[in-house]
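**Student:** Residue numbers (my numbering): -7 to 435.
Using N, Cα and C, we set each Cβ at its ideal position, and we do this for glycine too.
None of these values were measured; they are calculated from a predicted model.
#1: Please determine, among 130, 399, 413 and 312, the residue with the shortest C-alpha to C-alpha distance to residue 377.
#2: Alpha helix (DSSP H) containing residue 181: first to last residue?
#3: On the three-pair Cβ rule with 8 Å, is the stretch 323 to 332 touching the stretch 265 to 276?
#4: Residues in its own chain within less than 6 Å of residue 411 by CB, not counting five upstream and five downstream?
#5: Taking the straight line between their C-alpha atoms, what separation do you get for residue 86 and residue 328?
#6: Taking the runs of the alpha helix (DSSP H) that are 4 residues or longer, which of them lie wholly in the stretch 218 to 284?
#7: Counting along the chain, where does the beta strand (DSSP E) carrying residue 68 start and finish?
#8: With residue 392 as the anchor, note down where its alpha helix (DSSP H) starts and where it stops.
#9: Tell me the DSSP secondary structure of residue 357 in three-state form.
#10: Identify, in the order they occur along the chain, each residue of the same chain with its Cβ nearer than 8 Å to the Cβ of residue 222, setting aside the five sequence neighbours on each side.
#11: Hey, which unbroken runs of the beta strand (DSSP E) at 3 residues or more fall wholly within the stretch 331 to 380?
#12: Within 10 angstroms of the Cβ of residue 91, are there 16 or more other Cβ atoms? Answer buried if so, exposed if not.
#13: Determine the direct distance from the alpha carbon of residue 75 to that of residue 36, and round the result to whole angstroms.
#14: If I follow the unbroken beta strand (DSSP E) through residue 104, where does it start and stop?
#15: So, using beta-carbon positions, are residue 158 and residue 137 closer together than 8 Å?
#16: Determine the contact status of residue 322 and residue 342, defining contact as a CB-CB distance below 8 Å.
#17: Suppose contacts are defined by Cβ-Cβ distances below 8 Å. Is residue 105 in contact with residue 79 by that definition?
#18: Does the ligand SAM have a heavy atom nearer than 7 Å to the CB of residue 419?
#19: Could you tell me the boundaries of the beta strand (DSSP E) in which residue 32 lies?
#20: Check the C-beta distance from residue 236 over to residue 204 and give it rounded, since I have them as a contact under 8 Å.
#21: Would you check if the distance between the CB atom of residue 396 and the CB atom of residue 389 is smaller than 8 Å?
#22: Whose CA, out of 29, 45, 33 and 30, lies closest to the CA of residue 261?
#23: Rounding to the nearest angstrom, what Cα-Cα distance links residue 364 and residue 317 in this structure?
#24: What number of angstroms, rounded off, separates the C-alpha of residue 176 from the C-alpha of residue 38?
#25: Taking residue 391 as the reference, which of 415, 385, 375 and 383 has the closest Cα?
#26: When burial is assigned at 16 or more other CB atoms within 10 Å of the CB, is residue 103 buried or exposed?
#27: Check whether the Cβ atoms of residue 165 and residue 108 sit closer than 8 Å, and answer yes or no.
#28: What does DSSP give as the partner residues of residue 158 in its beta bridges?
#29: Let me know the secondary structure DSSP gives residue 384 once reduced to three states.
#30: Report the residue from 140, 49, 70 and 340 whose alpha carbon sits nearest the alpha carbon of residue 296.
#31: Please report the Cβ distance between residue 93 and residue 141, rounded to the nearest whole angstrom; I am assuming they are in contact, meaning their Cβ atoms lie under 8 Å.
#32: Can the beta-carbon of residue 184 be found closer than 8 Å to that of residue 48?
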């Protein structure tokens, strides 16, 4: 079996095993969600596939020398493309979340392979038979610095994995053949009219001419929590770079041929290496919390008895909390003063006096003013985003917390909702609280 394929088969089961575990957990509504960390370190294994690095074709010389202006080269046979193709991938990344939604990531990946001498196979993407191989192993190194962004607020990604993220960045790519020879071209690529340089000097370890810049873009996410600080993740990324295999007389050197002889002429390509990996991530610290909002203003002082309102008042319906349940009441808005008025026992009163935001409301509760979490069914829920208007038909009462009524979405799991809502003030103005971390069920 090809060495690259066997390494790939060793690395990929980790990725697909975790993906299968995710599907089973979702079916039983038992998926664990990892917490948002301040700093995380991950290591991974998986597979990668690269597009071809260069193409080569044989030409017959119908002139005197290749350097002569009147030299005529006639193509012989078909043009073939070559690269490293399918291989395994190993690596790691360290991320610092400077903001709750963004951070910096340092990444490294190692891809073992053979020299880029295999002919193109499936659609020019995978590589097929090999007609030249000097038996030397090749080490491929990707290293880059990325900007990384959390995607937790995007429903499409939050359903797939908790702490979903996307990243974009750049760095370098070095391809190095393990050979004692230096300042020469690898024999397999040289036979095809290209140069895969083995180094500048015998005292240098790195192959500097086989180092190129590269850009990377990708997505990933945490799929399963082993402990509060340890979880499994998956990642899909694509690296784009100019081929480290070079062509032209500056690298291959001038070639002299006699009339009737053949010579290989190569063209380098822009290449893309795509990797699909899964691994283990260590979570350190907690993401910085958003600043606490200012407490709501105190209610206005009682007003003097009001004169009958003019006919230009606008009728409205206002959502209130009464007896732990939401209901709507009729009211009138005076466009001249901006006051909202209601009729009670034959009298017109200010709405704030008739229905004060006290019992059941969160606006004046200690936990709300001090931005403390809500404890519900042995889980912590923390404030998430700004207040918003939610129709009364879309939420229902599920419990009370320190004198404040708790609500959840109508179709949510009452025992384990993803989001809790508290009513801040009349008008169905709710503050959402998001579950901070999931507690792994026993059994």
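**Tutor:** This is what the structure holds:
#1: 413
#2: 179 to 182
#3: no
#4: 424 and 426
#5: 60 Å
#6: 241 to 244
#7: 65 to 75
#8: No alpha helix (DSSP H) contains residue 392, which is instead part of the beta strand (DSSP E) from 387 to 393.
#9: coil
#10: 272, 273, 274 and 275
#11: Segments of the beta strand (DSSP E) lying fully in the stretch 331 to 380: 332 to 336, 339 to 342, 366 to 368 and 371 to 375.
#12: exposed
#13: 24 Å
#14: First-last of the beta strand (DSSP E) with residue 104: 94 to 105.
#15: no
#16: no
#17: A contact, by the Cβ cut-off of 8 Å.
#18: The model depicted lacks the ligand SAM and carries no ligand whatsoever.
#19: 31 to 42
#20: 5 Å
#21: Not in contact: residue 396 and residue 389 (Cβ atoms no closer than 8 Å).
#22: With distances taken between Cα atoms, residue 261 lies closest to 45.
#23: 24 Å
#24: 33 Å
#25: 415
#26: buried
#27: It is not a contact, given that the beta carbons lie outside the stated cut-off.
#28: 141 and 211
#29: helix
#30: 340
#31: At roughly 6 Å, the Cβ-Cβ gap stays under 8 Å, so residue 93 and residue 141 are in contact.
#32: The answer is yes: Cβ separation under 8 Å.
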